[in-house]
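In full-length UniProt numbering, the protein residues as written are 1 to 1162. Beneath this line is the structure, given in structure tokens, with notes to follow.
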Amino acid sequence: MGLIRLPAFRLTKLTRAQRHSQNEDPVQQAEQTAAARKESVFEDVGQAAKAADDVQTSFDGAQQAATTQTSVVQGNITDEVSEHQQAGFQNAGMPVHLTTAAQAAVSEDDNAAAYKSVLSLIEDRIGGFREKGLAPQPLTDYARAAFHVTQEQHDAFRLQVPKHEKTCIPVLHVMVERATNLLDKDVSGKSDPYVILRLFSSSENIKHKLHDKHAEQHQAHKSSIIRNDLNPVWNEEFTFDVDTPDSALLVVDVWDSDSDEHFSLSKASHFKLTEFKPCQFVKDKVQALHHKEKDDFLGHAELPVSAVPVEGTPIQLRLQPRSSRSSVRGTIELKLWWTTKALKPEDRAVTPAVIVEQHRALLHRLVDYEAAPFNGDRSRAWPGTFSTQARHLLRQHALRHAITPFQELVARFRVFSEYNVRERMNLVPLQRLLKDINDRWDDTTRETHLNPSEQEALALAIDHTVQACLEIIGRLFLDFKQDEAGQIAFATTILTLKTCFAAPLWRLAPDNTERVLINEVDATIRNHLRTFYDHVLSEAANSEKDFYGSDIVRQVVAIKRLITTMAAARQLFRPALLPLDYDLFVVTVDVLDDPLAKSCQDILTAWNASHSTEEAMAGKFSIVFELYFALRKLIKSEYRHLPEDQLCKMEMPKVHDWFFPVLIKWLQLVASNSPTWIQRALEYDELQPITSDVQFSSSVVDVFRVLNDLRDVWTNLNFPPTSDFYGPLVKLLADTLSEIALNYVRSLLELTRDKFQTSSRDGTFELSDTICVVLNNAQEVSFKLEDFAEGMKKDAQQASDVWEHVDAILQSRLADCHVFLSRVCTAVARCLRPEILRTMAIAVFESDLGHDASKGEQVTTSDMEEAASELLDFVNNSLITLVNGIYQETFQVFLLSLWNVVCECIVDILVPTDAMLGTQRLDDLSATQKALLVVLLQTLEDFFWQDGAGLTKDQLRTTEWELATDLLEKVAWDTSDLIAVFFKEEAKIQQRASFEDEYHRGVATFTAQLDPTKNELHVTVAHLENLPVMDSNGKCDPYVELDVHPEMTPGKQRTSTKYKTRDAEFNESFTFSTDAESTEDFVLHLVAMDHDLLSRNDYIGECLLSLEELQDAQPHQLRRSLRRAPARDKAWQVLRLIERRKRRDKTASHFAHSRSHLSSSH
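Quick look at the structure:
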């Protein structure tokens, strides 16, 4: 056996950093294998933070659509925009329901007149048609369905329709666009084409010459001449009044112009020789010489005008020859359409109102019929398009009654506006109609071209459109989809409003001259937002049943909706109003801020006032964090986009101040409940290691989770350092975190008192994995607190005064943790104390060396190792068991604790108590035994030092080591020196004595003065007070014995006895003298005794005074505690050394006998 084995443990020790660098984090490993119990107090908080982060605050494609929005508001409408507008509403087909009355409904008479007009125009329509659905019967069936007319009603109406009533003059418009691949007729290889248009009755004999005798009887038009071109382009428009559209024939002749000035010889030089035709040139010159002009025929085409559809059509005609000798080729392209004009010239500027109303009635009926499938459909609105049959009927009616295009536009807008009020429709066609009206109004330089009743009706329709659009905007966050389609729909609504406010006729109304678009939009949106807030709260309340905390849950649901609303206002709908210098996002936040702030404050105030700090509330209280995180998300995601001048006016950024009392109470809840959680964790724990590699129990995992989760809560809170409440919260958090860690370590210490009493079969304590678990648990929590200190330093560094306080808290608790860890190590080490003391006693008293008195001071290390082999083996094996199971940091603490235990055991060998001795006699140590103890202490000191790998030299110099070393030194002193030391130590103890500790037995008041010139000590005992009851009568009979050590003349003296009192007055003086040169080491000894007549006098208490305190030669009035001497202090230990000598030393025996009343039995 030898101590050389002990350094082996150094090679396997790992520091905490080394374990973690090898990915052996005990907590991570423990969590993978242990079913640890996690408090929902924190789990709910984490879920609340995640739920808040999941709230939608961004919208795909919003930025790209914002550009489209701006373009739309500026009037750029495309078919794609129209489609988005159609799909941008949540309830597209729902009616607006204006509070103002809509336009007057169409009367039955107007409906009947409109239907009869439809029947008339079907039978006698202008132009032709191509689709089967426009044939008379299908068109009639369509009309009947649209007007809801029965067969019987139809037959009756048909009898009332006048036959072939002439109501207008049809006008055929012919646009001559171009000709292609004409024959070259000129000497240049080109032609100079022009077109002659003539209108004939189909029964007439058509003449194809320009100057025939029938020329004056027919309408004819001539186009311009296009020089030198076989593919001429004219784009010239001509009109014909057509009396008989059913039978008229349009004749198109194309000619090549031959004029003299064109064919002069001087022009030949401009022609290419390859294109020059000599024969044609000679022919042309001959005709010119005889003054005979004749244009060359290039072809002709014929078209019955009845084939021209009412909607108009482009047509390409192949040019035909006029005889078999004609040579022609090519085609001509025309565009033809119909208009009409009133029979009376005076009706041609403005169609009479009665006719316009009939047209409106037809429009109204067709709109109702065409839009019926869309009515009430939340997913779509009527797009404002008509079927082919409806378009045909409307066009025929407008033509038949010569309704001007402007009046037609106005009538359509009126009907569309009316329908939009009743059922809602796509706003794009409505806006386009009004824009056309506004543009044409400008073109006519403010001339209305409307009947007065039409003007009034138009103004009213615009006004209703304004109201409808404002009401749509007034449901912005309810009706508009929060996507690209919704963005475009909103922009279209704003554009429609702009178009309405730009309408000149509407502006002429007195009530409208001062109206400002943006003011009305602002008022509407603000009112909507207030209503919307109430709606959101109501909707949240209806969606949740009443339960504990349902008020907060509802508020959270509402806030999440409002977060998305603000985000939508900022990203989706704001761009549409920025061109109008209006910030929708700022307005949205401004309106919602105040009621939301008030609502949240009321909830938090009520919640905080109505809850206690019971354990059950800790988990339930965390529901408040849902509200906190939702509001923080609101501030973080939306409020940060506000301009600084707006942000400072808002209430919601003060949310952290409102939550401060709640967070304080919650942290108090956590702190007050943490002992229960810790106790529960330890109960589940049973101190069993989770794995064989890392010896940690589940309780440390549970505590770590509580600490980590609490730290995560703070991280998730992200409380702003600028808040006035940041400092108090950080301080309380640090206090709570550190208190939980400290409570756990303290609980481990309490646990050691029970758990470490386990004994092996022979009754001795053994180190085991259980010990490692306890020590590792305590050390790991201490490490965790260090980590928190580092982490919180980063949090609190922004406020230096806060960090100073927080650091003081953490460092104080960390120091307490180290103290408790040291106590745990001490508790473990003390469990080894009995075995160490037993084996040490065997080495000293029972070994051959201990019995060999001849060795004396010649004891060697080898002798000692042989004698103390069992002791050294036990210490060595115990340390090896621990070193592989605990951290090096913990091992160092334990090593120090064990070292103190070893030193205490040496003290116990030197000065054993009566309890340790039992029935054994207290004999003096032999010289060999004393030498063995000295060598043993030195050897163990080297053992624990391990050449610097164990404890440092400074660490080894503990109080226990000093005591052991001191006693080993005093063992060799003379008895008289030990007696002097005894009294000196007692005097020191008396000087520090308290009047209230367990050894206090009353108070002695006396005066002491040292006269250095005579070496005399003068003592006056004044009185004793508060003495204990010593006799059966409840009193005592006190007197005082006085002596000085070393002895002064005349030796021991005493006062008189005072009977039956606990407060005795003496006022007796005494004088002691000595020949010693110095009295600094002398001690005055006063002993209070109780006089007993029939038995031995009883000891009450004593006090001692070192004459070192009297060296100033002044009288000292002193008041000292009378005390019984406690066991185990230094004076007692010196007394014990003296007592060991009483069998062989008379001085020791006499002193021990005189001090027998001070033995530990007292």
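Ideal Cβ positions, reconstructed from N, Cα and C, are used throughout, including at glycine. For clarity, every value in this text was computed on a predicted model and none was experimentally measured.
According to DSSP, residues forming a beta bridge with residue i
i: Met-840; result: BP columns for Met-840 are empty, so no partner.
i: Lys-341; result: Ile-169
i: Phe-1072; result: Leu-1017
i: Cys-1103; result: Leu-1086
i: Asp-1098; result: Asp-1090
i: Lys-222; result: Ile-196
i: Asp-296; result: Asp-256
i: Ile-332; result: Ala-179 and Leu-317
i: Asp-1011; result: Glu-1016
i: Met-425; result: Trp-382
i: Cys-82; result: The residue you asked about is not Cys; residue 82 is Ser in the sequence shown. None, per the DSSP bridge assignment.
i: His-364; result: Its beta-bridge partners do not exist; DSSP assigns none.
i: Glu-237; result: Met-175
Backbone CA spacing between residue i and residue j [nearest angstrom]
i: Lys-481; j: Asp-551; result: 28 Å
i: Val-187; j: Asp-258; result: 11 Å
i: Cys-905; j: Gln-1117; result: 43 Å
i: Leu-1086; j: Gly-1051; result: 13 Å
i: Ser-862; j: Ala-868; result: 10 Å
i: Gln-22; j: Ser-878; result: Reliability of the predicted coordinates at Gln-22 is poor, the pLDDT of 45 falling under 50, and no value is obtained from them.
i: Arg-554; j: Asn-708; result: 29 Å
i: Asp-873; j: Thr-860; result: 18 Å
i: Arg-992; j: Glu-1102; result: 14 Å
i: Gln-160; j: Gln-153; result: 11 Å
i: Pro-834; j: Asn-716; result: 52 Å
i: Asn-608; j: Pro-661; result: 7 Å
i: Thr-1061; j: Thr-1007; result: 22 Å
i: Leu-1110; j: Asp-1081; result: 11 Å
i: Leu-895; j: Trp-803; result: 34 Å
i: Arg-130; j: Pro-352; result: 32 Å
i: Ser-1154; j: Asn-1067; result: 27 Å
i: Cys-831; j: Leu-710; result: 36 Å
Buried versus exposed call for residue i [16 or more other C-beta atoms within 10 Å across all chains shown]
i: Asp-463; result: buried
i: Cys-648; result: exposed
i: Met-916; result: exposed
i: Asn-542; result: exposed
i: Thr-565; result: buried
i: Ala-30; result: Because the pLDDT at Ala-30 is just 44, under 50, the model does not fix this residue reliably, and the point stays unresolved.
i: Ala-808; result: exposed
i: Lys-1093; result: What sits at residue 1093 in the sequence shown is Leu, not Lys. Under this definition Leu-1093 is an exposed residue.
i: Tyr-887; result: buried
i: Lys-793; result: exposed
i: Asn-527; result: exposed
Of the residues the options, the one placed nearest residue i, counting alpha carbons only
i: Ala-1131; options: Ile-518, Leu-1042, Ala-980 and Glu-236; result: Ala-980
i: Gln-668; options: Phe-659, Leu-733, Leu-627 and Phe-625; result: Leu-733
i: Asp-483; options: Glu-471, Ile-122, Gln-90 and Ala-146; result: Gln-90
i: Lys-163; options: Leu-751, Leu-951 and Lys-116; result: Lys-116
i: Glu-962; options: Ser-1154, Gln-938 and Glu-804; result: Gln-938
i: Val-828; options: Leu-882, Ser-854 and His-805; result: Leu-882
i: Ser-306; options: Lys-1142, Arg-422, Ser-201 and Phe-783; result: Ser-201
i: Leu-562; options: Tyr-582, Gln-571, Ala-576 and Val-536; result: Val-536
i: Met-652; options: Leu-399, Ala-1088, Ile-635 and Lys-222; result: Ile-635
i: Gln-679; options: Pro-721, Leu-737, Val-745 and Trp-714; result: Val-745
i: Gly-791; options: Trp-714, Val-356 and Leu-343; result: Trp-714
i: Val-819; options: Ser-897, Leu-837, Ile-494 and Gly-486; result: Ser-897
i: Ala-468; options: Leu-1010, Glu-423, Ala-509 and Ala-485; result: Glu-423
Could you pull out every unbroken alpha helix (DSSP H) segment of at least 4 residues lying fully inside the stretch 101-125, listed in chain order? Counting only runs of 4 or more, we get 108-123.
As an exercise, report each continuous beta strand (DSSP E) stretch of at least 3 residues that is fully enclosed by the stretch 648-688, in chain order. Here no run is fully enclosed.
Quick check on the DSSP output: what are the complete alpha helix (DSSP H) runs of length 4 or more inside the stretch 533-585, in order along the chain? Segments of the alpha helix (DSSP H) lying fully in the stretch 533-585: 550-568 and 574-577.
Please list the segments of the alpha helix (DSSP H) lying wholly inside the UniProt domain "MHD2" (865-982), counting only runs of 4 or more residues, in order along the chain. Annotation note: the UniProt domain "MHD2" (865-982) contains the following uninterrupted alpha helix (DSSP H) runs of length 4 or greater, listed N- to C-terminal: 869-883, 888-910, 914-917, 927-945, 953-956 and 959-970.
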